[in-house]
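Chemist: This note's numbering numbers the first residue of the sequence shown as 49 and each following residue consecutively. Glycine included, C-beta positions come from ideal geometry on N, C-alpha and C. Here the structure is a predicted model, which is why all the values come from computation and not from measurement.
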Amino acid sequence: MGNGKIIVQLHNFSSINLCREFAKIALGLGARDIIFTKAVGTGATTGVPIAQKLAHAKKANVLYLQEIEDAIELTSPDEVYLFIKRPFSKETFNPNIIVESYKEGKTILLIFGGADPGITKRELELGVPVYFNKVNELGCLGEITLSLYLLRNLIEEED
49 MGNGKIIVQL
59 HNFSSINLCR
69 EFAKIALGLG
79 ARDIIFTKAV
89 GTGATTGVPI
99 AQKLAHAKKA
109 NVLYLQEIED
119 AIELTSPDEV
129 YLFIKRPFSK
139 ETFNPNIIVE
149 SYKEGKTILL
159 IFGGADPGIT
169 KRELELGVPV
179 YFNKVNELGC
189 LGEITLSLYL
199 LRNLIEEED
(Lines of atoms letter the chains of each structure in order from A and count residues from 1; the text may use other names and numbers.)
(Lines give C-alpha, C1' and ligand atoms only; values in the text may rest on other atoms or scores of the structure.)
Protein backbone atom coordinates (compact mmCIF):
# COMPACT_ATOMS: atom_id res chain seq x y z
CA MET A 1 0.00 0.00 0.00
CA GLY A 2 1.45 3.30 -1.07
CA ASN A 3 0.57 6.77 0.03
CA GLY A 4 -1.69 8.72 -2.23
CA LYS A 5 -1.88 12.44 -2.79
CA ILE A 6 -4.13 15.09 -1.31
CA ILE A 7 -4.58 18.22 -3.42
CA VAL A 8 -6.36 21.31 -2.10
CA GLN A 9 -8.14 23.86 -4.24
CA LEU A 10 -9.60 27.31 -3.61
CA HIS A 11 -12.33 28.15 -6.10
CA ASN A 12 -14.16 31.39 -6.86
CA PHE A 13 -12.51 34.17 -4.87
CA SER A 14 -11.42 37.78 -5.25
CA SER A 15 -9.58 38.52 -2.00
CA ILE A 16 -5.80 38.79 -1.73
CA ASN A 17 -5.96 38.00 1.98
CA LEU A 18 -8.16 34.94 1.49
CA CYS A 19 -5.78 33.57 -1.13
CA ARG A 20 -2.69 34.22 1.01
CA GLU A 21 -4.23 32.76 4.17
CA PHE A 22 -5.53 29.70 2.30
CA ALA A 23 -2.01 29.03 1.01
CA LYS A 24 -0.42 29.60 4.45
CA ILE A 25 -2.84 27.24 6.16
CA ALA A 26 -2.53 24.58 3.44
CA LEU A 27 1.26 24.71 3.48
CA GLY A 28 1.41 24.84 7.28
CA LEU A 29 -0.68 21.68 7.50
CA GLY A 30 1.46 19.83 4.99
CA ALA A 31 -0.21 20.35 1.62
CA ARG A 32 2.26 20.02 -1.25
CA ASP A 33 -0.17 20.71 -4.11
CA ILE A 34 -2.47 23.76 -4.22
CA ILE A 35 -4.78 24.85 -7.02
CA PHE A 36 -6.53 28.18 -7.48
CA THR A 37 -9.48 28.50 -9.87
CA LYS A 38 -11.92 31.21 -10.88
CA ALA A 39 -9.90 33.92 -9.18
CA VAL A 40 -10.94 37.45 -10.09
CA GLY A 41 -9.70 40.97 -9.45
CA THR A 42 -6.88 41.40 -6.96
CA GLY A 43 -7.25 37.80 -5.82
CA ALA A 44 -6.00 36.78 -9.26
CA THR A 45 -3.50 39.54 -9.98
CA THR A 46 -1.91 39.83 -6.54
CA GLY A 47 -3.17 36.98 -4.33
CA VAL A 48 -2.14 34.08 -6.56
CA PRO A 49 1.44 35.39 -7.08
CA ILE A 50 1.79 35.81 -3.30
CA ALA A 51 0.60 32.22 -2.82
CA GLN A 52 3.03 31.02 -5.50
CA LYS A 53 5.89 32.71 -3.66
CA LEU A 54 4.87 31.10 -0.36
CA ALA A 55 4.59 27.69 -2.02
CA HIS A 56 7.95 28.06 -3.76
CA ALA A 57 9.63 28.71 -0.41
CA LYS A 58 8.17 25.42 0.89
CA LYS A 59 8.98 23.52 -2.32
CA ALA A 60 5.26 22.99 -2.97
CA ASN A 61 3.34 23.16 -6.24
CA VAL A 62 0.76 25.75 -7.26
CA LEU A 63 -1.53 25.68 -10.28
CA TYR A 64 -3.67 28.61 -11.35
CA LEU A 65 -6.46 27.51 -13.67
CA GLN A 66 -9.78 28.82 -14.94
CA GLU A 67 -12.33 26.22 -13.85
CA ILE A 68 -12.78 23.19 -11.59
CA GLU A 69 -13.02 21.00 -14.71
CA ASP A 70 -9.51 22.14 -15.70
CA ALA A 71 -8.14 21.07 -12.32
CA ILE A 72 -9.84 17.70 -12.57
CA GLU A 73 -8.55 17.19 -16.11
CA LEU A 74 -4.95 18.02 -15.20
CA THR A 75 -4.72 16.19 -11.87
CA SER A 76 -6.92 13.15 -12.69
CA PRO A 77 -8.07 12.63 -9.10
CA ASP A 78 -9.66 9.37 -8.04
CA GLU A 79 -11.99 11.24 -5.68
CA VAL A 80 -13.26 14.83 -5.55
CA TYR A 81 -14.84 16.41 -2.47
CA LEU A 82 -16.44 19.85 -2.58
CA PHE A 83 -16.89 21.61 0.75
CA ILE A 84 -20.15 23.52 0.95
CA LYS A 85 -22.58 24.40 3.69
CA ARG A 86 -25.92 22.77 4.23
CA PRO A 87 -28.46 22.53 2.61
CA PHE A 88 -26.36 22.27 -0.55
CA SER A 89 -24.79 19.06 0.73
CA LYS A 90 -26.35 16.07 2.38
CA GLU A 91 -23.13 14.19 3.19
CA THR A 92 -20.93 14.93 6.17
CA PHE A 93 -17.17 15.15 5.83
CA ASN A 94 -15.67 11.82 6.90
CA PRO A 95 -11.87 12.00 7.16
CA ASN A 96 -11.63 8.23 7.73
CA ILE A 97 -12.91 7.51 4.20
CA ILE A 98 -10.40 9.93 2.69
CA VAL A 99 -7.50 8.51 4.70
CA GLU A 100 -8.45 5.01 3.61
CA SER A 101 -8.32 6.13 -0.03
CA TYR A 102 -5.02 7.92 0.61
CA LYS A 103 -3.54 4.75 2.07
CA GLU A 104 -4.67 2.88 -1.06
CA GLY A 105 -2.54 5.26 -3.14
CA LYS A 106 -5.40 7.33 -4.53
CA THR A 107 -5.32 11.00 -5.46
CA ILE A 108 -7.93 13.08 -3.64
CA LEU A 109 -8.95 16.61 -4.59
CA LEU A 110 -10.49 18.77 -1.86
CA ILE A 111 -12.25 21.88 -3.22
CA PHE A 112 -13.19 24.86 -1.06
CA GLY A 113 -15.40 27.71 -2.25
CA GLY A 114 -14.02 31.19 -1.64
CA ALA A 115 -17.33 33.01 -2.03
CA ASP A 116 -20.68 32.26 -0.43
CA PRO A 117 -21.58 29.55 -1.30
CA GLY A 118 -18.66 29.60 -3.76
CA ILE A 119 -19.55 26.51 -5.76
CA THR A 120 -22.43 26.34 -8.22
CA LYS A 121 -24.99 23.56 -8.48
CA ARG A 122 -23.42 22.44 -11.76
CA GLU A 123 -19.95 22.35 -10.18
CA LEU A 124 -21.25 20.30 -7.25
CA GLU A 125 -21.99 17.51 -9.71
CA LEU A 126 -18.25 17.12 -10.37
CA GLY A 127 -17.66 15.37 -7.05
CA VAL A 128 -19.09 14.64 -3.62
CA PRO A 129 -20.46 17.72 -1.83
CA VAL A 130 -19.66 17.53 1.91
CA TYR A 131 -20.19 19.67 5.00
CA PHE A 132 -18.96 19.62 8.58
CA ASN A 133 -21.40 18.16 11.06
CA LYS A 134 -21.86 19.72 14.50
CA VAL A 135 -20.24 23.03 13.57
CA ASN A 136 -21.80 26.10 12.06
CA GLU A 137 -20.59 27.62 8.82
CA LEU A 138 -16.83 27.89 9.06
CA GLY A 139 -15.95 29.52 5.76
CA CYS A 140 -13.25 28.11 3.54
CA LEU A 141 -10.37 28.96 5.89
CA GLY A 142 -12.02 27.16 8.78
CA GLU A 143 -12.91 24.23 6.53
CA ILE A 144 -9.42 23.75 5.14
CA THR A 145 -7.88 24.08 8.59
CA LEU A 146 -10.18 21.54 10.17
CA SER A 147 -10.14 19.07 7.28
CA LEU A 148 -6.35 19.03 6.81
CA TYR A 149 -5.76 18.87 10.55
CA LEU A 150 -8.07 15.86 10.92
CA LEU A 151 -6.61 14.13 7.86
CA ARG A 152 -3.02 14.76 8.94
CA ASN A 153 -3.68 13.38 12.44
CA LEU A 154 -5.31 10.23 11.09
CA ILE A 155 -2.52 9.65 8.57
CA GLU A 156 0.16 10.12 11.24
CA GLU A 157 -1.68 7.77 13.64
CA GLU A 158 -1.61 4.98 11.06
CA ASP A 159 2.04 5.45 10.10
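Exposed or buried, which one is Val245 when buried takes at least 16 other CB atoms within 10 Å?
Modeler: No answer is possible for residue 245: the residues shown for the chain start at 49 and end at 207.
Chemist: Need the endpoints of the alpha helix (DSSP H) that Ala74 sits in, please.
Modeler: Locating residue 74 in the sequence shown gives position 26, counting from the first residue. Its alpha helix (DSSP H) spans residues Ile64 to Gly76.
Chemist: Under three-state DSSP, which class holds Asn144?
Modeler: The count along the sequence shown starts at 1 and reaches residue 144 at position 96. Looking at Asn144 - three-state DSSP - the assignment turns out to be helix.
Chemist: How long is the line joining the alpha carbons of Ala105 and Thr93, rounded to whole angstroms?
Modeler: Position 57 of the sequence shown, counting from 1, holds the residue named residue 105. Position 45 of the sequence shown, counting from 1, holds the residue named residue 93. If I take the Cα positions, the gap works out to 20 angstroms.
Chemist: Do you know how far the Cα of Lys169 is from the Cα of Ile54?
Modeler: Translated into the one-based positions of the sequence shown, residue 54 becomes position 6. Translated into the one-based positions of the sequence shown, residue 169 becomes position 121. When rounded, the distance between both Cα atoms is 24 angstroms.
Chemist: For the beta strand (DSSP E) that Val96 lies in, which residues bound it at each end?
Modeler: Position 48 of the sequence shown, counted from the start, is the residue given in the question as residue 96. Premise fails: Val96 lies in the alpha helix (DSSP H), Val96 to Ala105, not in any beta strand (DSSP E).
Chemist: My guess is that Leu194 and Val147 are in contact by the Cβ rule of under 8 angstroms, so how many angstroms apart are they, rounded?
Modeler: Position 146 of the sequence shown, counting from 1, holds the residue named residue 194. Position 99 of the sequence shown, counting from 1, holds the residue named residue 147. Incorrect: roughly 15 angstroms between the Cβ atoms, too far for contact.
Chemist: Using a Cβ distance threshold of 8 angstroms, determine whether the segment 147-165 contacts the segment 97-104, with at least three qualifying pairs required.
Modeler: The segment 147-165 is not in contact with the segment 97-104.
Chemist: Three or more C-beta pairs under 8 angstroms: does that hold for the segment 113-122 against the segment 132-150?
Modeler: No, because fewer than three Cβ pairs between the segment 113-122 and the segment 132-150 fall closer than 8 angstroms, the two stretches do not touch.
Chemist: Across the segment 54-67 and the segment 81-89, are there enough close Cβ pairs to call them in contact, namely three or more that are closer than 8 angstroms?
Modeler: Contact between the segment 54-67 and the segment 81-89 is present, because at least three Cβ pairs lie under 8 angstroms.
Chemist: When the Cβ atoms of the segment 179-190 are set against those of the segment 138-146, are three or more pairs found closer than 8 angstroms?
Modeler: Touching, yes.
Chemist: Suppose you measure from the CA of Ile192 to the CA of Glu173; what does that come to, to the nearest Å?
Modeler: To locate residue 192, count along the sequence shown from 1; it is residue 144. To locate residue 173, count along the sequence shown from 1; it is residue 125. About 20 angstroms.
Chemist: Can you tell which of Cys188, Val88, Leu189 and Asp126 has its C-alpha closest to the C-alpha of Tyr112?
Modeler: For the purposes of this step, residue 112 is identified with residue 64 of the sequence shown, where counting begins at 1. Looking at the Cα atoms, Val88 is the closest of the given residues.
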